[in-house]
Amino acid sequence: MPSPTAIEACSAGRPITIPASNCKKPWPASNSRDGLSRFPLEIEISMIQIKTRFAPSPTGSLHVGGARTALACYLVAKKFGGTMLLRIEDTDRARHQEEAVEKILADLAWLGIEIDEGVGAGGDNGPYRQSERLEIYQAHIQKLLDEGKAYYAFDTPEELEALRDAARAEKRDFKYSRPQTLPTQADVDAARAEGRPVVVRLLSDKRDVSFVDEVFGEITIPADQTDDFIIAKGDGWPTYHLANVVDDHHMGVNFILRGQEFLGQTWRHVLLREALGFPAPRYAHLALIMDMKGRKLSKRDGDVEVDLFRRAGYLPEALVNFIALLGWNPGDEREFFTMDDLAEAFEISRVSKTNAKFDRDKLMSFNTDWAAALEADRLLGAFTDYLSTTDSPLADQDEATLSAVLAACSGFRRFDEVLAKVAPIFMADDAYEYDPKAVKKGLEKGEGAGYARLELILPEIEALGDWTAEAIHNWMGAYCEANEIGFGKIGQPMRVALAGGMFGPAIPEMMVLLGKERAMARIQRTIAMRGE
RNA sequence: GGCCCCAUCGUCUAGUGGCCUAGGACACCGGGUUUUCAUCCCGGCAACCGGGGUUCGACUCCCCGUGGGGUCACCA
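Numbering (the numbering used here), first residue to last: 3 to 534.
Now the structure itself:
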């Protein structure tokens, strides 16, 4: 059964560094040269081994809000040569989804966020899944009980709900009222015998609770807003608050970054932490990401899961760059950042307190820029990764072909656009479809001028010696000049003949991708269509 | 509703009392380059939530109002 030794065991031999938090004067900082804090530092930052953690609950795959938090954890750890830990918070057995853990790991990896310790990385402070740490939590709960800092309670959820309803009806806050005399072990036994639930509540100090947040400054929760919250559920498992505080301490986490939804609940953590005798970590809460209507981002808004962006043809570099700039900026006018650039430039002191709206147009713009900037190798790798999520016939092409496709589509915004542009090329020569509007405009207009032009140029194309984009392009230019016509006069008919529509890569590139034989076949097929 | 937090172009934001006639980027509008789509280039439109203070001087500091968000679980 749980004993104090279990507690000692999990913190044995691990010196706890005291972070320079909890300093009084919060605003503004005059000496935040390290960029880590807007507040005066009491300890040189270089002396502290920073350890951040991302602690998702495995209820689904990673969404952009989680990705942003994880990115901040990664960046802070990396900037200061610290470590980032990944812990899975699965104390709620009902909502647990095992596949979610693998998905989260894959999403983080795709984004380029590397975990130093924890699930998927190992380490000496495990296990890193809360579902495997029950004894540790129970030991701490028992310790609190033994020291008179926590007590048992037997209310049923129904009774609690009734109390809340009553409070609401009277327009006053519901706060759990502590019994005059705390239950004894005999009361516990009696309750159990009666079949009543047995939970444990923290005996909260009745006082205002203050703490310093690195982005929001000093936060104070009035005493009348706190109460004796539950730390152990009826099923014996700890609540989020207890498990979280215990784990952060024993795992050596000293810098907590998380969403702003926890800001108003942090008082529970400080009270718990103090009852447990743990030193204070530094806190930084990140403002939330909203949809374009200003509401909390949800699945109703479409792609909010990282994996969906991957499947939609976005580059992880672009997503990371965009997300990093949601609520943070370097202070100058740079906007283009690699992960390494971010790690160097990122400063908690420059993180905004305002919620940010997730603007897909801007994400698209970043993606376009990144697609143009990425080295050919990396771009090819990303494209291959994208193709692996589709059922496109492109997925079977060799690297040389894929590279040629990418080059032919330079200026593209997203991988799905590349796919759309070259799709006709990778269909059978008698299978791609003609866009009626394009046929009318490029072929039929002017009493079949387009068809006539195709017939005229076919022999010249056949006579072409070099089948390279450059040679084809030169020939087209020379032909237009010799016949005193504009480029469009042959370009439009050729485009329709080659791909059936009015958009796609440049014609020479398309022809090279097709090969001479297939290009000719397509032109012939198109000519044969005349008069049908 | 109580409590906590926030408030500059449509969006992300710069701004730490005079450098602000408020800067950049995306979007949008106009023009240009281009054989198509896209890219790219040039130009333009566009904001300090309101009211009181403080000050010689407020986008910047204080107060109130308004608006928005978060949170008030045996979920995390």
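No residue lacks a Cβ here, since even glycine has one placed at the ideal position from N, Cα and C. Predicted model only: the values in this text are computed from it and were never measured.
Original post:
Under the rule that 16 or more other beta-carbon atoms within 10 Å means buried, what is Glu-307, buried or exposed?
Top reply: Stepping through the first sequence from its first residue, residue 307 is reached at position 305. That one is buried.
**OP:** Identify which residue in Thr-228, Ile-223, Ala-430, Phe-360 has its Cα closest to the Cα of Arg-555.
**Re:** The structure shown does not extend to residue 555, since the chain spans only 3 to 534, so no value can be given for it.
Original post:
Residues bridged to Ile-232 by DSSP?
Top reply: As a working note, residue 232 is residue 230 in the first sequence. Paired residue(s): Arg-203.
Original post:
Is it buried or exposed for Thr-71, if we count other Cβ within 10 angstroms and need 16 for buried?
Top reply: In the first sequence, residue 71 corresponds to position 69, counting from 1. Under this definition Thr-71 is a buried residue.
**OP:** Could you pull out every unbroken alpha helix (DSSP H) segment of at least 4 residues lying fully inside the segment 127-186, listed in chain order?
**Re:** As summarised for the segment 127-186, the continuous alpha helix (DSSP H) elements at least 4 residues long and confined to that stretch are 136-148, 159-171, given in chain order.
Original post:
Whose CA, out of Gly-517, Pro-438, Lys-491, lies closest to the CA of Ala-471?
Top reply: The count along the first sequence starts at 1 and reaches residue 471 at position 469. For the set Gly-517, Pro-438, Lys-491, the Cα lying nearest the Cα of Ala-471 is the one of Gly-517.
Original post:
CB Ile-538 to CB Val-121, shorter than 8 Å?
Top reply: Outside the shown range of the chain, which is 3 to 534, sits residue 538, and nothing can be said about it.
Subject >> Exposed unless 16 or more other CB atoms sit within 10 angstroms - verdict on Pro-395 >> reply: On the first sequence, position 393 is the one that residue 395 refers to. That one is exposed.
**OP:** Give, in chain order, every unbroken run of the beta strand (DSSP E) that is at least 3 residues long and sits entirely within the segment 247-318.
**Re:** Within the segment 247-318, complete beta strand (DSSP E) segments of at least 3 residues are found at 257-261, 284-288, given in chain order.
Original post:
Near Arg-527, which residues of its chain fall below 7 Å by C-beta distance, leaving aside the five closest residues on each side in sequence?
Top reply: As a position in the first sequence, residue 527 is number 525, starting the count at 1. Cβ-Cβ distances below 7 Å link Arg-527 to Asp-431, Asp-432 in the same chain, with the five nearest sequence neighbours on each side left out; the list follows chain order.
Subject >> C-beta contact flag for Leu-500 and Ile-509 at 8 Å >> reply: Counted from its first residue, the first sequence places residue 500 at position 498. Counted from its first residue, the first sequence places residue 509 at position 507. In contact: Leu-500 and Ile-509 (Cβ atoms closer than 8 Å).
Subject >> C-alpha gap between Asp-418 and Gly-83, whole angstroms >> reply: Position 416 of the first sequence, counted from the first residue, corresponds to residue 418. Position 81 of the first sequence, counted from the first residue, corresponds to residue 83. Taking the straight line joining both Cα atoms gives about 38 Å.
Subject >> Rounded C-alpha distance that separates His-475 from Gly-533 >> reply: Locating residue 475 in the first sequence gives position 473, counting from the first residue. Locating residue 533 in the first sequence gives position 531, counting from the first residue. Distance between the alpha carbons of His-475 and Gly-533: 30 Å.
**OP:** Taking Asp-387 as part of the alpha helix (DSSP H), name the residues at either end of that continuous run.
**Re:** Residue 387 sits at position 385 when you count from the first residue of the first sequence. First-last of the alpha helix (DSSP H) with Asp-387: 378-390.
Subject >> Buried versus exposed, by CB contacts within 10 Å (16 or more), Ala-347 >> reply: Numbered from its first residue, the first sequence carries residue 347 at position 345. Buried, by the Cβ-count rule.
**OP:** Look at the alpha carbon of Asp-94 and the alpha carbon of Ile-138, and state the distance between them as a whole number of angstroms.
**Re:** Locating residue 94 in the first sequence gives position 92, where the first residue counts as 1. Locating residue 138 in the first sequence gives position 136, where the first residue counts as 1. Inter-residue distance for Asp-94 and Ile-138 is about 16 Å (C-alpha atoms, whole angstroms).
Subject >> Backbone CA spacing between Gly-37 and Phe-414 [nearest angstrom] >> reply: Locating residue 37 in the first sequence gives position 35, counting from the first residue. Locating residue 414 in the first sequence gives position 412, counting from the first residue. Legend: pLDDT at Gly-37 = 45, less than 50; position of this residue unreliable, value from coordinates given subsequently. Distance between the alpha carbons of Gly-37 and Phe-414 is about 37 Å.
Subject >> Straight-line gap, Ala-451 to Glu-104 (C-alpha atoms, nearest Å) >> reply: The residue given as residue 451 occupies position 449 in the first sequence. The residue given as residue 104 occupies position 102 in the first sequence. Their Cα atoms are separated by approximately 59 Å.
Original post:
Unbroken beta strand (DSSP E) runs of length 3 or more, entirely within the segment 450-534: which are they?
Top reply: Counting only runs that start and end inside the segment 450-534, there is no beta strand (DSSP E) element of at least 3 residues.
Original post:
Distance, Cα to Cα, Glu-519 vs Ile-459?
Top reply: The residue you call residue 519 lines up with position 517 of the first sequence. The residue you call residue 459 lines up with position 457 of the first sequence. Straight through space, the alpha carbons of Ile-459 and Glu-519 are spaced by roughly 15 Å.
**OP:** Run the CB neighbour count on Arg-416, radius 10 Å, all protein chains shown included, and call it buried at 16 or more, exposed below.
**Re:** In the first sequence, residue 416 corresponds to position 414, counting from 1. Counting every other CB atom within 10 Å of its CB across the protein chains shown gives Arg-416 a total of 16 or more, marking it as buried.
**OP:** Look up Ala-375 in the DSSP assignment and say whether it is helix, strand or coil.
**Re:** Here residue 375 is taken as the residue at index 373 of the first sequence, counted from 1. Helix at Ala-375.
Original post:
Would a C-beta distance cut-off of 8 Å place Ile-232 and Leu-265 closer than the cut-off?
Top reply: The residue you call residue 232 lines up with position 230 of the first sequence. The residue you call residue 265 lines up with position 263 of the first sequence. For Ile-232 and Leu-265, no; Cβs fall outside 8 Å.
**OP:** For Lys-53, count neighbouring Cβ atoms within 10 angstroms of its own Cβ and tell me buried if that reaches 16, exposed if not.
**Re:** Mapped onto the first sequence, residue 53 falls at position 51. Looking at its Cβ environment, which holds 16 or more other Cβ atoms inside 10 Å, Lys-53 is buried.
**OP:** Tell me whether the beta-carbon of Asn-369 lies closer than 8 Å to the beta-carbon of Ala-410.
**Re:** Numbered from its first residue, the first sequence carries residue 369 at position 367. Numbered from its first residue, the first sequence carries residue 410 at position 408. In this structure, Ala-410 does not lie closer than 8 Å to Asn-369 by Cβ.
**OP:** Assign Pro-426 to buried or exposed, taking buried as 16 or more other Cβ atoms, counted over all protein chains shown, within 10 Å of its Cβ.
**Re:** Walking along the first sequence from the start, residue 426 turns up at place 424. The residue in question, Pro-426, is buried, as its Cβ has 16 or more Cβ neighbours within 10 Å.
**OP:** Assign Phe-489 to one of two classes, buried (16 or more other C-beta atoms within 10 Å of its C-beta) or exposed (fewer than that).
**Re:** If you number the first sequence from 1, residue 489 lands on position 487. Per the 10 Å Cβ criterion, exposed.
Original post:
In chain order, which continuous runs of the alpha helix (DSSP H) of length 4 or greater are located wholly inside the segment 76-125?
Top reply: Listed in chain order, the complete alpha helix (DSSP H) runs (minimum 4 residues) inside the segment 76-125 are 100-113.
Subject >> Chain-order list of residues whose beta-carbon lies under 6 Å from that of Gly-62 (same chain, five-residue window excluded) >> reply: The sequence position of residue 62 within the first sequence is 60, counting from 1. Excluding positions up to five away in sequence, the list reads Ala-102.
Original post:
Do you know whose CA, among Gly-329, Ala-168, Pro-60, Tyr-178, lies nearest Asp-157's CA?
Top reply: The residue you call residue 157 lines up with position 155 of the first sequence. Ranked by Cα distance from Asp-157, the options Gly-329, Ala-168, Pro-60, Tyr-178 are led by Tyr-178.
Original post:
Nearest-angstrom Cα distance between Phe-213 and Ser-351?
Top reply: Your numbering for residue 213 matches position 211 in the first sequence. Your numbering for residue 351 matches position 349 in the first sequence. Roughly 17 Å between the two C-alpha positions.
Subject >> Residue range of the beta strand (DSSP E) that includes Glu-220 >> reply: Residue mapping note: residue 220 aligns to position 218 of the first sequence, counting from 1. Unbroken beta strand (DSSP E) run through Glu-220: 219-223.
Original post:
Got a sec? Which residues, its chain only, sit under 8 Å from Val-247 by beta carbon, not counting five neighbours each side?
Top reply: Residue 247 sits at position 245 when you count from the first residue of the first sequence. Hits under 8 Å: His-271, Leu-274, Arg-275, Leu-278, Phe-280.
Subject >> Sub-8 Å separation of Glu-435 and Gly-502 beta-carbons >> reply: Counting from 1 along the first sequence, the entry for residue 435 is found at position 433. Counting from 1 along the first sequence, the entry for residue 502 is found at position 500. Their beta carbons are under 8 Å apart, which means Glu-435 touches Gly-502 by this criterion.
**OP:** Please classify Asp-126: is it buried, with 16 or more other beta-carbons within 10 angstroms of its beta-carbon, or exposed?
**Re:** Along the first sequence, one-based indexing puts residue 126 at 124. With fewer than 16 other Cβ atoms within 10 Å, it is exposed.
Original post:
How far does the beta strand (DSSP E) with Val-214 in it reach, from first residue to last?
Top reply: Mapped onto the first sequence, residue 214 falls at position 212. In the DSSP annotation of this structure, the continuous segment of the beta strand (DSSP E) that includes Val-214 starts and ends at 211-215.
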